[in-house]
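The numbering of the sequence shown is the numbering used here, which starts it at 393 and goes up by one. Think of the CB as a built atom: it goes at the ideal place given N, C-alpha and C, for glycine as much as any other residue.
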Amino acid sequence: MERGEPTNEATNAADAAGDEDEYIRLRVMGQACNEIHFKVKKSTTMLKLKKTYADRMGVSAGSLRFLFDGK
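Structure representation (structure tokens):
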């Protein structure tokens with residue numbers, strides 16, 4: 393290995409940090425104060441998130457409303 397060449401560990405750490413920039417972490421809280429955590433790409437639509445949440449909760453996606461900070 394030559395001087396100035398990045399090690400595999402440094403490269404892997406940089407790749408992992410780059411992957412984290414592509415994702416956001418969301419906490420979805422239901423009326424019964426149950427929480428489901430999602431790690432989604434920034435390009436993921438809210439419709440896809442809503443459908444996934446509805447499937448996990450066993451309810452119709454049409455019966456859900458997402459609020460941001462209670463608004």
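The C-beta distance from residue 439 to residue 430 rounds to 14 Å, too long to meet the 8 Å contact threshold. Assigned with DSSP and collapsed to three states, residue 434 falls in coil, not helix or strand.
Residue nearest to residue 415 within the set 421, 436 and 426 is 436 (criterion: CA-CA distance). DSSP places residue 420 inside the beta strand (DSSP E), whose first and last residues are 415–421.
Within the same chain, 431 come within 6 Å of residue 417 by CB-CB distance, once the 5 residues on both sides are set aside. For the pair residue 447 and residue 424, the Cα-to-Cα distance works out to about 17 Å.
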